[in-house]
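Trainee:
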Amino acid sequence: MNILGIESSCDDTAAAVIVDGKMASNVIASQAVHQQFGGVVPELASRAHNKTIWDTADQALQNADIDMSEIDGIAVSQGPGLMGSLLVGMGFAKGLSLSWQKPLIGVNHIDAHMYANFIEHEEVYPFIALIVSGGHTRLVHVTAPFEQTVLGQTRDDAAGEAFDKIGKMLKLPYPAGPEIDKKAQTGDPKFADFPRGMMNKGLDFSFSGLKTSVLYYLQDQNEAFIKQNLNNICASASAAITEVLVVKLRRALRKHNVKHAMLAGGVSANSMLRQKVHQMAEKEGVEVMIPAMEFCTDNAAMIAKTGEMRLRDGMTDELDMKPFASIR
Ligand SMILES: Nc1ncnc2c1ncn2[C@@H]1O[C@H](COP(=O)(O)OP(=O)(O)OP(=O)(O)O)[C@@H](O)[C@H]1O
Ligand SMILES: [Mg+2]
């Protein structure tokens, strides 16, 4: 089965081809235009998608050495995301579907972050996924394909958002997650004692207390101190975020007696998180799936993979399919 995937939910225009479950191509056109604003500007994102989507899809087909006539289904991010951005990808996918008479498959972007793991790992159920992206943080219990219950989620900021906002306070370029990760690797995670939000309670998350704590901490220090200890502060903030994430994942696994865990979303690229999850899984006797780096942040291979699973299970969509902005 050959699936073309289209992703345009935020600021990456992406297209990919999955052939018999495996990645044949994965093309991403990232939008540098947002960097000067320190965050994504929705209208500029839509315009950039509109400009690049055709060439991006064409490149994905070329890289996979496959012709549109050989494609069995067109999968597209349906939401959540920025409405203007989603509409560009969806309009493009619908046009292709209509003109080539190929099935159209709407894919939930957050589901796709999880199922990205099955590009390289055997499909296995049940599992508990810790989804940590720029816009969402959730624990999900998945018992069969697309059969899932949300066990917990963030009450305020997402984990990626916490990294990005703390990075902004430290004057790091957007998105700051990868930069904090790099600096943290040579820093002392015990240097500053930042709060672990809701650590001992339930399966929901909260990162706003940490953000405020870092803000007050920085206000009390002079610039030379911050500059000198940047790596230590990055390591301490990363420790506060990742410790809570791993403790909650372990709690969910124990509570539901599940033996497979999964990381998903952009923050699963974080080296401290990956290491802590591996250590936890080993201690608990749990198998852990972590996506390859290229499938952590937004990409279209995850959309194509999820589309393939949906087509396999008879879940296709009609041309009246509408994008949705908020998580479902
Ligand atoms: N190594 C890393 N360490 C920490 N955070 C990281 C790392 N790499 C990426 N991130 C964070 O991941 C986020 C981007 O992830 P992703 O592309 O999954 O999010 P999104 O698509 O913006 O949000 P959503 O998927 O919720 O709509 C950003 O907040 C970024 O800072
Ligand atoms: Mg995403």
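Be aware that the sequence shown starts at 0, since it is given in numbering that gives the first Met the number 0, and climbs by one per residue. Glycine included, each C-beta is placed from N, C-alpha and C at the ideal position. Model, not experiment: these values are computed from the prediction.
Please report the straight-line C-alpha distance between ALA236 and SER212, rounded to a whole angstrom.
Mentor: By 1-based counting over the sequence shown, the position of residue 236 is 237. By 1-based counting over the sequence shown, the position of residue 212 is 213. Distance between the alpha carbons of ALA236 and SER212 is about 10 Å.
Trainee: Ordered along the chain, which non-local residues of its own chain (more than five positions away) have a Cβ less than 6 Å from that of GLU121?
Mentor: Looking up residue 121 in the sequence shown gives position 122. Correct list: empty, nothing qualifies.
Trainee: For LYS343, which residues does DSSP report across the bridge?
Mentor: Outside the shown range of the chain, which is 0 to 327, sits residue 343, and nothing can be said about it.
Trainee: Could you check which residue in ILE73, SER24, VAL75, TRP99 has the C-alpha nearest to that of ASP64?
Mentor: Here residue 64 corresponds to residue number 65 of the sequence shown, with the count starting at 1. Measuring from the Cα of ASP64, the nearest candidate turns out to be SER24.
Trainee: If you measure from the CB of PHE162, is any heavy atom of ligand 1 nearer than 7 Å?
Mentor: Working through the sequence shown from its first residue, we reach residue 162 at position 163. Yes.
Trainee: Tell me where the beta strand (DSSP E) around PHE126 begins and ends.
Mentor: Looking up residue 126 in the sequence shown gives position 127. Segment 126 to 131, the beta strand (DSSP E) holding PHE126.
Trainee: State buried or exposed for MET0, treating a residue as buried only when at least 16 other CB atoms are found within 10 Å of its CB.
Mentor: The count along the sequence shown starts at 1 and reaches residue 0 at position 1. Exposed: under 16 other Cβ atoms inside 10 Å.
Trainee: Can you tell me where the alpha helix (DSSP H) with VAL245 in it begins and where it stops?
Mentor: Stepping through the sequence shown from its first residue, residue 245 is reached at position 246. It spans 229 to 255 - the alpha helix (DSSP H) in which VAL245 sits, taken as one unbroken run.
Trainee: Can you give me the start and stop residues for the alpha helix (DSSP H) that GLY208 sits inside?
Mentor: Within the sequence shown, the letter at position 209 stands for residue 208. Start and end: 207 to 218.
Trainee: Taking DSSP as the reference, what is the three-state secondary structure of ASP156?
Mentor: For the purposes of this step, residue 156 is taken as the residue at position 157 of the sequence shown. Reduced to three states, the DSSP call for ASP156 is coil.
Trainee: Any heavy atom of ligand 1 inside 7 Å of the beta-carbon of SER84?
Mentor: Counted from its first residue, the sequence shown places residue 84 at position 85. False, no ligand heavy atom lies under 7 Å from that Cβ.
Trainee: Start and end of the beta strand (DSSP E) containing ILE5?
Mentor: As a working note, residue 5 is residue 6 in the sequence shown. Where ILE5 is concerned, the enclosing beta strand (DSSP E) stretches over 1 to 6.
Trainee: For ligand 2, which residues have a Cβ under 7 Å from at least one heavy atom, in chain order?
Mentor: Answer in sequence order: SER8, CYS9, HIS108, HIS112, SER132, GLY133, GLY134, GLY264, GLY265, THR296, ASP297.
Trainee: Within 8 Å of any Cβ in chain D, is that where the Cβ of PHE206 sits?
Mentor: Absent here is chain D; the protein component of the structure consists of one chain.
Trainee: Among residues of its own chain, excluding the 5 on either side of THR241, which ones have a beta-carbon nearer than 7 Å to its beta-carbon?
Mentor: As a position in the sequence shown, residue 241 is number 242, starting the count at 1. So the qualifying residues of the chain are ASN269, MET271, LEU272, LYS275.
Trainee: Taking C-alpha atoms, which residue in ILE165, TYR173, ASN230, LYS258 lies nearest to GLN218?
Mentor: Taking the sequence shown and counting its residues from 1, the one referred to as residue 218 is at position 219. Ranking ILE165, TYR173, ASN230, LYS258 by Cα distance to GLN218 puts ILE165 first.
Trainee: Apart from the five residues on each side of it in sequence, which residues of its chain come closer than 6 Å, Cβ to Cβ, to ALA14?
Mentor: Your numbering for residue 14 matches position 15 in the sequence shown. Excluding residues within five positions, the ones whose Cβ falls inside 6 Å are ILE5, VAL26, THR55, ALA56, ALA59, ALA299.
Trainee: So what does GLN147 bridge to, in DSSP terms?
Mentor: For the purposes of this step, residue 147 is taken as the residue at position 148 of the sequence shown. Looking at the DSSP assignment, GLN147 forms a beta bridge with VAL141.
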